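This report refers to the structure that appears directly beneath it.
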Amino acid sequence: MLLCFFFDGAKIIIVHAYEKKSQKMPPGEKQKALKAKTDYIKRNNGGTYYD
């Protein structure tokens, strides 16, 4: 499963991926994705990100 978000209009940023083995999302997977999203936005605002 891929966890992603839309950024700056047309960009799709994939922040986390994992192998889904059940209907429910394993604990911690959502938190990992949210942390990666927050980190990306901070780096983008600071000018230290890579396309």
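In terms of our numbering, the sequence shown opens at residue 275 and continues consecutively.
Even glycine gets a Cβ: it sits at the ideal position worked out from N, Cα and C.
Note that the structure is a prediction, hence the values are computed from the model and not measured.
Figure out for me which residue from the options has the closest Cα to the Cα of residue i.
i    : options                   : result
Q297 : G320, T322, L308 and M275 : M275
Would you mind reading off the limits of the beta strand (DSSP E) that contains residue i?
i    : result
K285 : K285 to A291
Starting from the C-beta of residue i, find all residues in its chain whose C-beta is less than 6 Å away, skip the five residues before and the five after it, and write them out in chain order.
i    : result
E303 : Y292
L277 : V289, H290 and A307
A284 : none
Taking 8 Å as the limit between beta carbons, can you name the residues of its chain near residue i, skipping five residues before and five after?
i    : result
P300 : Y292
Can you find the residues in the same chain that come closer than 7 Å, C-beta to C-beta, to residue i, ignoring five residues on each side of it along the sequence?
i    : result
I286 : C278 and F280
Which residue or residues does DSSP assign as beta-bridge partners of residue i?
i    : result
L277 : H290
Hey, could you find the ends of the alpha helix (DSSP H) residue i is sitting in?
i    : result
K298 : Premise fails: K298 is in no alpha helix (DSSP H) and is neither H nor E.
D313 : E303 to G320
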